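Residues in the sequence shown are numbered consecutively from 288, following the working numbering.
What follows is a single structure, written as structure tokens, with notes after it.
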Amino acid sequence: MDKIELHTHFSGCIRFKTLQELIIRQFGQNQEIDFQKCTTLEQCFKLFGKINSLNLKLEDVRRIADEIFQDFYSDGVTYLEIRATPKKGQDFDQLQYLNAISEAINQAKFEIKLIVAIDRAKGIDEAQKTLNLVKQNKIQHLVGVDLCGHPGQGHFSQYKPILQKFRDLGYKITVHAGELVQQIEENNDVIEFQPDRIGHLIYFTEEQLKKIKNLNILIEVCFSSNLFTTNMLPISHPVQQFISQGIPIAICTDDTLCFNTTVTKEIELIKSTFGYSDELISSILKQSLNYKFKRE
């Protein structure tokens with residue numbers, strides 16, 4: 288079966304060996320990075336902070352991109368959307384960072400698209416800079432925007448005007464939502480905005496789920512990620528509810544490095560947890576292809 292990936296973060300998919308090399312180069316010794324400690328959202332975002340603190344060179348970005356795409360290709364992925372937050376480094380600015388990823392996409396052996404990510408923890412000014420960057424430059428392979436970042440910081444309503452401007456430019460919208468129980472109320476604002484897709488959504492009301500189904504919004508399910516960052520038992524994950532109610536989903540990794548996973552592992556984990564057949568999984572994967580992003 289063809290495998291697709293609609294929700295994975297560039298910085299969270301670095302090969303562990305490459306990450307070790309970069310850390311040694313910058314700090315002179317290998318810093319302890321224990322992914323087994325990544326059992327809460329707070330711990331995960333501390334880990335992301337370590338990764339994002341690396342002072343990269345442009346050649347590092349290109350290497351990381353090449354390796355990420357090779358890894359997904361080796362896993363049998365035939366379509367990938369990679370999301371990246373614009374960054375600066377030793378010898379590059381935010382545009383050069385995105386262009387380096389785009390150049391790696393050009394050399395990949397399968398279809399890849401780019402989603403620019405807005406970190407809700409960094410504030411509106413930074414989000415506006417990202418919008419300006421996209422408006423003022425032609426960024427190859429860019430098809431959408433993602434609102435992500437620490438769910439306990441910022442609020443969706445603050446970013447709604449900027450997301451609407453991205454939509455007006457023809458870009459598709461995906462939003463991280465329902466990662467914390469405290470976000471249930473915020474879900475209403477997200478759903479009212481009608482994004483094309485929603486990431487995670489493990490906390491919600493039945494009424495919210497009905498609206499999502501009626502609006503034909505796909506949910507990007509990040510199974511291992513959710514199990515790592517909550518006390519949820521696998522059998523209690525709402526993916527079973529989504530599937531039984533006919534809500535479209537995509538099976539996603541979120542961060543292959545942090546959660547030691549692949550698309551294949553995610554598929555097999557969901558299959559074994561709920562006893563799903565190959566036929567059902569295949570139909571889910573085919574359906575999710577209908578929700579891949581294309582700029583209008």
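C-beta: ideal position from N, C-alpha, C; glycine also.
Computed from a prediction, not measured in an experiment: that's the story for all the values here.
Which whole-angstrom value describes the C-beta separation of residue i and residue j, a residue pair presumed to lie in contact below a C-beta threshold of 8 Å?
i, j, result
"lysine 579", "tyrosine 366", "6 Å"
"arginine 370", "phenylalanine 297", "7 Å"
"isoleucine 568", "lysine 558", "6 Å"
"isoleucine 504", "isoleucine 530", "Actually they are not in contact, since the Cβ atoms of isoleucine 504 and isoleucine 530 sit about 15 Å apart, beyond 8 Å."
"glutamate 368", "lysine 400", "5 Å"
"isoleucine 506", "isoleucine 536", "5 Å"
"asparagine 475", "glutamine 495", "7 Å"
Would you kindly check if the distance between the Cβ of residue j and the Cβ of residue i is under 8 Å?
i, j, result
"aspartate 542", "serine 575", "no"
"lysine 500", "glycine 457", "no"
"isoleucine 449", "glutamine 415", "yes"
"glutamine 377", "asparagine 342", "yes"
"isoleucine 460", "glycine 431", "yes"
"glycine 363", "threonine 540", "no"
"valine 508", "isoleucine 478", "no"
"isoleucine 351", "threonine 305", "yes"
"proline 373", "leucine 420", "yes"
"threonine 548", "proline 521", "no"
"cysteine 435", "alanine 404", "yes"
"leucine 266", "phenylalanine 314", "Since the first and last residues shown for the chain are 288 and 583, residue 266 lies out of range."
"aspartate 597", "isoleucine 402", "Any answer about residue 597 is impossible in this case: the structure gives the chain only from 288 up to 583."
"aspartate 347", "leucine 309", "yes"
"leucine 345", "glutamine 383", "yes"
"histidine 463", "histidine 428", "no"
For residue i, collect the residues of the same chain with a Cβ closer than 7 Å to its Cβ; drop the 5 residues on either side in sequence, then sort them by chain order.
i, result
"tyrosine 490", "Gly465, Leu467, Val468, Gln470, Ile471"
"glutamine 445", "Ile411"
"glutamine 440", "Arg407, Ala408"
"aspartate 289", "Thr365, Leu572"
Over the uninterrupted alpha helix (DSSP H) stretch that includes residue i, give me the two end residues.
i, result
"valine 526", "526-531"
"glutamate 413", "411-423"
"alanine 352", "345-361"
"threonine 543", "Here threonine 543 belongs to no alpha helix (DSSP H), and DSSP marks it neither H nor E."
"leucine 502", "Neither: leucine 502 is in no alpha helix (DSSP H) and is coded neither H nor E."
"asparagine 475", "471-480"
Taking residue i as part of the beta strand (DSSP E), name the residues at either end of that continuous run.
i, result
"valine 368", "The identity of residue 368 in the sequence shown is glutamate, whereas the question assumes valine. Per DSSP, glutamate 368 belongs to the beta strand (DSSP E) from 364-371."
"isoleucine 538", "536-538"
"aspartate 406", "398-406"
"lysine 290", "290-296"
Could you pull out every residue in the same chain whose Cβ sits closer than 6 Å to the Cβ of residue i, ignoring the five residues on either side in sequence?
i, result
"glutamate 583", "Gly457"
"phenylalanine 546", "Ser511, Ser512, Phe515"
"glycine 299", "Asp542, Leu544, Cys545"
Run through the DSSP bridge pairs and tell me what residue i is partnered with.
i, result
"alanine 464", "His487"
"leucine 567", "Looking at the DSSP assignment, leucine 567 forms no beta bridge with any residue, so it has no partner."
"glutamate 507", "Gly486, Ala537"
"cysteine 435", "Asp406"
Quick one: what's got a C-beta closer than 8 Å to residue i's C-beta in the same chain, skipping five residues either side?
i, result
"methionine 519", "Ile489, Asn513"
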